[in-house]
Amino acid sequence: MCSKEKKTVVHITTVHHPLDPRIYYKQCQSLQRAGYDVTLLAPDAEKVIPSSIVNIKSINRRNNRLLRIGISTLEAYWKARKLKADIYQIHDPELLPVAWLLKKKSNVVIYDIHEDYETAMMEREYLPKPVRRFCAKAYRLVERLFSRKLELCLAEKYYREKYPNGKCILNYPLVNEKLVHHNRTDKPIEDKLLYTGNVRVDRGAFHHAKLPLVDENISVHLIGQCPGNLAEQMEHLAGEAKDRLHMEGVDRYVPKTVIDECYVKHSWLAGIALFPPSDHFKKKELTKFFEYMSAGIPILCSDFPAWKAFVEKHRCGMAVNPEDEQEIKAAIDYLRNNEQEALKMGENGRRAVLETLNWEVEEQKLVEWYDTLWRKNEKTS
Numbered sequence: 001m002c003s004k005e006k007k008t009v010v011h012i013t014t015v016h017h018p019l020d021p022r023i024y025y026k027q028c029q030s031l032q033r034a035g036y037d038v039t040l041l042a043p044d045a046e047k048v049i050p051s052s053i054v055n056i057k058s059i060n061r062r063n064n065r066l067l068r069i070g071i072s073t074l075e076a077y078w079k080a081r082k083l084k085a086d087i088y089q090i091h092d093p094e095l096l097p098v099a100w101l102l103k104k105k106s107n108v109v110i111y112d113i114h115e116d117y118e119t120a121m122m123e124r125e126y127l128p129k130p131v132r133r134f135c136a137k138a139y140r141l142v143e144r145l146f147s148r149k150l151e152l153c154l155a156e157k158y159y160r161e162k163y164p165n166g167k168c169i170l171n172y173p174l175v176n177e178k179l180v181h182h183n184r185t186d187k188p189i190e191d192k193l194l195y196t197g198n199v200r201v202d203r204g205a206f207h208h209a210k211l212p213l214v215d216e217n218i219s220v221h222l223i224g225q226c227p228g229n230l231a232e233q234m235e236h237l238a239g240e241a242k243d244r245l246h247m248e249g250v251d252r253y254v255p256k257t258v259i260d261e262c263y264v265k266h267s268w269l270a271g272i273a274l275f276p277p278s279d280h281f282k283k284k285e286l287t288k289f290f291e292y293m294s295a296g297i298p299i300l301c302s303d304f305p306a307w308k309a310f311v312e313k314h315r316c317g318m319a320v321n322p323e324d325e326q327e328i329k330a331a332i333d334y335l336r337n338n339e340q341e342a343l344k345m346g347e348n349g350r351r352a353v354l355e356t357l358n359w360e361v362e363e364q365k366l367v368e369w370y371d372t373l374w375r376k377n378e379k380t381s
């Protein structure tokens, strides 16, 4: 643990919501409880979080991307600099120049890599491929330039392939007591499939929309923000079965509390993640996996090697070819016709979350890493 004299820490984001689980609920609160004096600098944070164990300071919210990158970044730098923190941690790529400017011999600056931004840029289909390739290479170059003196915090294990010197503080979930104590055996499993999170094409929107056509008894429930034009396309794909395609979150944000209620609202057959092949997602351990597991819901996901290995290791679901409707139908039939096995998969997942795949384990790693970084910096500064 840190010394009796509190060391000051500032977490900075211009992109994420102030209540972002990884930033606020996990890292900021964990470090505050561990004895650090933590400040969160985020868009409109003082309005969103009127009281907290963490110090809260606002950056003005700017919805225009160019204004955010230009003006919000400058505002974040000046406000962060005035705080004269011992440790700074940034959470957005656009803040790399800020991190570079904040870095002194007397402090530690951390870049928290939430996403594989390089492959994410290659997934932006609204841009021509040459432009995507240029943006990805330019980002990698800028990142290398500005992060040379920074410590790297990695949210996913596979990021070590790109950042061998990074520290893995994995984005495992806080244990949700309501979910883990939810009893799935008190009523029969229903012919309902659940998807939670933002609804996008690269996150399987079209594959999920066609599921009511794959099985005439299945209803599909998508709980998360979905653009209206995409919702219309999905309903068109579902055709005559669109009455069994339910979307909560068309053109609006769905709060985490609402999503949590949905996990226990029905006795779901499976939680789904039938994503199309993608370099960006194929190695990620999706947050929704852990939430499905916490609620005791079997996972039905794409058979990317990493995903298949994950569900097989924890015996918590089934991986199928997202392009093969017969294989998907067979998996649905198996879960439906083998209720005890489906319940067992759900319980296996819940047990894995309670024992190892949770934030409590990562919290200890985070605090120990911070303590080590600070002691090392004190010796060299």
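Following full-length UniProt numbering, the numbering of the sequence shown begins with 1 at its first residue and continues without gaps. Ideal Cβ placement from N, Cα and C applies to all residues, glycine included.
Figure out for me which residue from 297, 274 and 162 has the closest Cα to the Cα of residue 308. 274
Which of helix, strand or coil DSSP assigns to residue 13: coil
Report all residues from its chain with a CB closer than 8 Å to the CB of residue 312; omit the five preceding and five following residues, and keep chain order. 319
If contact is defined by three or more beta carbon pairs under 8 Å, each pair taking one atom from either stretch, is the stretch 166-176 in contact with the stretch 350-365? yes
Could you pull out every residue in the same chain whose Cβ sits closer than 7 Å to the Cβ of residue 146, ignoring the five residues on either side in sequence? 96, 97, 99 and 100
Close beta carbons around residue 165, own chain, < 8 Å, minus the five adjacent residues each side: 152
Whose C-beta lies closer than 8 Å to the C-beta of residue 380 among residues of the same chain, with five residues either side of it excluded? 105
Please report how far the alpha carbon of residue 216 lies from the alpha carbon of residue 239, in whole angstroms. 12 Å
What's the gap between the Cα of residue 193 and the Cα of residue 37? 43 Å
Which term fits residue 374, buried or exposed, when burial requires 16 or more other beta carbons within 10 angstroms of its beta carbon? buried
Look up residue 167 in the DSSP assignment and say whether it is helix, strand or coil. strand
8 Å Cβ shell around residue 212 - same chain, five flanking residues per side excluded: 218, 219, 220, 238, 241, 242, 244 and 245
With a threshold of 8 Å, are at least 3 pairs of Cβ atoms found where one atom belongs to the stretch 4-23 and the other to the stretch 39-55? yes
Three-state secondary structure assigned by DSSP to residue 176: coil
Cut-off 6 Å between Cβ atoms - residues of its own chain near residue 110, not counting five sequence neighbours on either side: 89, 151 and 153
Go through the stretch 283-364 residue by residue and report every complete run of the alpha helix (DSSP H) that reaches 4 residues or more, in order. 287-294, 305-314, 325-337 and 339-355
Does the beta-carbon distance from residue 123 to residue 278 come in below 9 Å? yes
What residue from 167, 282 and 291 has the CA that sits closest to residue 260's CA? 291
9 Å Cβ cutoff met for residue 343 and residue 296: yes
Residue interval of the alpha helix (DSSP H) (run including residue 259): 256-265
Cα-Cα separation, residue 225 to residue 233: 15 Å
Own chain, CB closer than 6 Å to residue 235, minus 5 neighbours either side, in chain order: 242
Strictly by DSSP, which residues pair up with residue 271? 194 and 299
What are the uninterrupted segments assigned as alpha helix (DSSP H) that are 4 or more residues long and contained completely in the stretch 90-126, given in chain order? 96-102 and 117-122
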